[in-house]
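S.K.: Attaching a single structure in structure tokens format; questions to follow.
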Amino acid sequence: MNTETNHMPLMHTLNPQMIANNRPISRRDFLKLAALSAGALALNPLKGTGLTDFPKADKLGRITVGKMDVYIRPDANSQIVGAFYQDNVFPWIREVVGSMPGRVNQRFVETPYGFVWGGYVQPTWNQPNVPITALPQTSLGPGMWVEISVPYVDLTLDNPPARAPWLQYAASINLPARFYYSQIVWVDQIRADETGKIWYRLNEKYGSGDIFWSPAEACRPMTAEEMSPISPEVENKTILVRIWDQSMSCFEGDKEVLFTRISSGALYNNQGVKVDAWATPLGEFPIWRKAVSLPLAGGSASAGWSLPADGWVQLFVGTGVAIHSTYWHNNYGEPSSRGCVNTNPDDAKWVFRWTQPIVAYDPGDVTVGMPGGTKVTVVDN
88 MNTETNHMPL
98 MHTLNPQMIA
108 NNRPISRRDF
118 LKLAALSAGA
128 LALNPLKGTG
138 LTDFPKADKL
148 GRITVGKMDV
158 YIRPDANSQI
168 VGAFYQDNVF
178 PWIREVVGSM
188 PGRVNQRFVE
198 TPYGFVWGGY
208 VQPTWNQPNV
218 PITALPQTSL
228 GPGMWVEISV
238 PYVDLTLDNP
248 PARAPWLQYA
258 ASINLPARFY
268 YSQIVWVDQI
278 RADETGKIWY
288 RLNEKYGSGD
298 IFWSPAEACR
308 PMTAEEMSPI
318 SPEVENKTIL
328 VRIWDQSMSC
338 FEGDKEVLFT
348 RISSGALYNN
358 QGVKVDAWAT
368 PLGEFPIWRK
378 AVSLPLAGGS
388 ASAGWSLPAD
398 GWVQLFVGTG
408 VAIHSTYWHN
418 NYGEPSSRGC
428 VNTNPDDAKW
438 VFRWTQPIVA
448 YDPGDVTVGM
458 PGGTKVTVVD
468 N
């Protein structure tokens with residue numbers, strides 16, 4: 088029995104009978120089966136680590152935190168009928184407005200098993216790709232940008248031990264290394280195993296040095312055309328970030344060409360204590376660096392955060408504050424970040440293509456001096 092089949096009912100879907108009987112999956116069992124999966128990877132690299140057999144549905148949801156209760160109605164005061172755990176994947180039927188006391192975000196996701204609050208449910212799709220067998224030549228050598236196009240993919244670490252904090256943490260709780268839907272990373276090698284299966288080597292250009300092998304089907308090769316600039320002839324482009332209503336607008340002169348919800352710097356820590364250190368800076372700032380993909384990290388060794396391969400990063404404050412894509416939450420409309428402006432992947436990509444400076448596919452990273460690129464104004468009233 089392969090690893091995916093062995094752990095599939097626990098890792099990415101709730102058993103409907105468990106929910107009906109109000110007997111949710113235990114965290115202990117979740118970690119136990121995750122450990123079996125990780126052990127299989129360590130003992131038999133590049134074998135048994137194909138794509139997971141995700142539920143069949145047009146749209147899927149993935150839990151991004153340790154545990155989320157499932158309610159009989161979109162109301163946190165209604166009956167709890169089960170629980171989802173981190174990286175459970177399930178059919179996303181629709182998003183509805185409900186009642187979650189204490190939160191700004193009142194959106195719930197309807198699933199076949201009940202309703203789950205949507206702030207930590209990543210919208211995903213399962214879209215495997217036909218592998219390619221040769222890399223194009225670039226100024227960086229053979230390589231290409233790819234986007235993860237499945238809810239998650241288990242990776243094999245090519246050069247242990249783990250270096251990045253996120254990877255060390257996953258190893259400490261016996262979870263496999265994973266990349267998630269919409270993450271973007273550079274591929275610098277392709278290989279076929281003895282069965283003919285194609286693998287891509289994923290190498291973050293500015294990461295901690297961890298290099299991974301991924302089943303090629305999980306990675307969508309990106310093109311220069313999809314990164315081409317939007318309205319490059321327009322000169323008077325500006326971005327307005329409104330902290331007070333958690334929104335962002337892009338303007339060409341006085342014309343608004345994009346409006347989207349965002350998540351700016353969190354106002355409270357995990358203990359509910361008000362903090363100022365994570366606030367998104369107010370004022371006017373020029374975009375000074377843009378990168379198709381960057382790892383994000385900050386804080387201390389004991390209380391920091393580490394997020395690999397994030398897409399469409401636009402730095403506009405010298406301390407590292409950026410507009411960027413988000414795969415670890417869906418809590419737009421509520422302050423949740425560590426100072427950056429979190430946006431959904433589609434809007435992050437559009438804004439990246441629209442702003443100055445222009446970034447080409449090769450090398451996918453540009454830094455400019457003052458006066459910088461497109462101006463970002465952050466206001467709180």
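Position 234 of the sequence shown, counting from 1, maps to 321 under my numbering, and the rest follow consecutively.
Ideal Cβ positions, reconstructed from N, Cα and C, are used throughout, including at glycine.
(1) Taking 8 Å as the limit between beta carbons, can you name the residues of its chain near T310, skipping five residues before and five after?
(2) With 16 other CB atoms within 10 Å as the buried threshold, where does V362 fall?
(3) Applying the 10 Å Cβ sphere with the 16-neighbour rule, what's the burial state of L369?
(4) Using the Cβ count rule (16 or more neighbours within 10 Å means buried), how would you classify T430?
(5) Of the residues E421, L394, E371, which one's Cα is nearest the Cα of G405?
(6) Taking the C-alpha atoms as reference points, what is the distance between V240 and Q276?
(7) Hey, could you find the ends of the beta strand (DSSP E) Y158 is sitting in?
(8) Taking K342 as the reference, give the member of F439, I326, N357, D280 with the closest Cα.
(9) Hey, Y293 and L381 are a contact pair by Cβ (cut 8 Å); roughly how many whole angstroms apart?
(10) Looking only at C-alpha atoms, which of P188, M335, E320 sits nearest to A485?
(11) Along the alpha helix (DSSP H) that carries N434, what are the first and last residues, could you check?
(12) Counting Cβ pairs closer than 8 Å, one from the segment 195 to 212 and one from the segment 257 to 264, do we hit at least three?
(13) Taking only the alpha-carbon atoms, compute the straight-line gap between G201 and R149 and give it to the nearest angstrom.
(14) Measuring alpha carbon to alpha carbon, tell me which residue in I374, V360, P248, I235 is nearest K324.
(15) With a threshold of 16 other CB atoms inside 10 Å of the CB of K377, please say whether the residue is buried or exposed.
(16) Please confirm if the segment 172 to 188 is in contact with the segment 140 to 160, defined as three or more CB-CB distances below 8 Å between the two stretches.
(17) Beta-carbon separation of R307 and V233 under 8 Å?
(18) Would you call W441 buried or exposed, if buried means 16 or more other Cβ atoms sit within 10 Å of its Cβ?
(19) Taking the alpha carbon of S186 as the reference point, which residue from I180, P444, F195, P178 has its own alpha carbon closest?
(20) Got a sec, what are the start and stop residues for the beta strand (DSSP E) Q255 sits in?
(21) Per DSSP, what are the beta-bridge partners of N290 in this structure?
(22) Would you call the CB atoms of V400 and G426 closer than 8 Å?
(23) Which residue wins for smallest C-alpha separation from L138, given the options G459, W300, V183?
(24) What are the start and end residues of the beta strand (DSSP E) that includes Y268?
(25) Can you tell me whether T514 is buried or exposed? The criterion is at least 16 other CB atoms within 10 Å of its CB, across all chains shown.
M.R.: Concretely, from the data shown:
(1) Excluding residues within five positions, the ones whose Cβ falls inside 8 Å are Y448.
(2) V362 comes out exposed.
(3) L369 is exposed by the Cβ-count criterion.
(4) Label assigned to T430: buried.
(5) Scanning E421, L394, E371 for the CA closest to the CA of G405 turns up E371.
(6) Near 18 Å, if we compare the C-alpha coordinates of Q276 and V240.
(7) Looking at the DSSP string, the run of the beta strand (DSSP E) that includes Y158 is 154 to 158.
(8) K342 has its Cα closest to that of I326, out of F439, I326, N357, D280.
(9) That pair is a contact at about 6 Å.
(10) Outside the modelled stretch of the chain, which goes from 88 to 468, sits residue 485, for which no answer is possible.
(11) First, the amino acid is wrong: residue 434 is Asp here, not Asn. Residues 432 to 441.
(12) Touching, no.
(13) Distance between the alpha carbons of G201 and R149 is about 15 Å.
(14) If we check each option's Cα against that of K324, I374 comes out closest.
(15) Buried, by the Cβ-count rule.
(16) Two segments are said to touch when three or more pairs of C-beta atoms, one from each, lie closer than 8 Å; by this definition the segment 172 to 188 touches the segment 140 to 160.
(17) Cβ distance < 8 Å, so R307 and V233 count as in contact.
(18) Here W441 is buried: its Cβ has 16 or more other Cβ atoms, across all protein chains shown, within 10 Å.
(19) Of the candidates I180, P444, F195, P178, the one whose C-alpha sits nearest the C-alpha of S186 is F195.
(20) Q255: not part of any beta strand (DSSP E); member of the alpha helix (DSSP H) spanning 252 to 259, first to last residue.
(21) Paired residue(s): I298.
(22) Not a contact, by the Cβ cut-off of 8 Å.
(23) L138 has its Cα closest to that of W300, out of G459, W300, V183.
(24) Counting along the chain, Y268 falls outside any beta strand (DSSP E), and DSSP gives it neither H nor E.
(25) Given that the chain is displayed from residue 88 to residue 468, the structure contains no residue 514 and the question cannot be resolved.
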